[in-house]
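Notes follow the structure.
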Amino acid sequence: MTYYKKADWVLEQLGVEGAVIVDARYALNDSEAGERAYAEAHIPGAYYVSLSHDLSAPKRPNGEGGRHPLPKPQALAAVLG
Numbered sequence: 043m044t045y046y047k048k049a050d051w052v053l054e055q056l057g058v059e060g061a062v063i064v065d066a067r068y069a070l071n072d073s074e075a076g077e078r079a080y081a082e083a084h085i086p087g088a089y090y091v092s093l094s095h096d097l098s099a100p101k102r103p104n105g106e107g108g109r110h111p112l113p114k115p116q117a118l119a120a121v122l123g
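Residue 43 is where the sequence shown starts when you use the working numbering, and the numbers rise one by one after that.
Following this line, the structure appears as structure tokens:
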């Protein structure tokens, strides 16, 4: 499975039943930059998800998992609905 798709492929998916386009733009030096960029312009029908708030679990005290540890599968499923 290829996770990165070219823009032409994404555009072909617009309107395809079951296709979901997620905008997860992020800047490490400005955690709100992606949401501002999404508000300014995005692919029609795309959903915004925040790396800090939606795609990461809280930081662990021991540093395990890094700056943005993966959330539990159930938490991610709740965000992606």
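Backbone N, C-alpha and C fix where the C-beta goes; we use that ideal spot for every residue, glycine too.
His110 versus Glu77: straight-line alpha-carbon distance, rounded: 17 Å
Decide if Val91 is buried, meaning its Cβ has at least 16 other Cβ atoms within 10 Å, or exposed. Looking at its Cβ environment, which holds 16 or more other Cβ atoms inside 10 Å, Val91 is buried.
Check the C-beta distance from Pro113 over to Ser94 and give it rounded, since I have them as a contact under 8 Å. Contact doesn't hold; Cβ gap of about 11 Å is too wide.
Between the C-alpha atoms of Pro115 and Ala61, what's the straight-line distance to the nearest angstrom? 20 Å
Compute the Euclidean distance between the alpha carbons of Val58 and Pro103, then round it to the nearest angstrom. 43 Å
Counterpart residues of Ala69 in DSSP-defined beta bridges: Asp72
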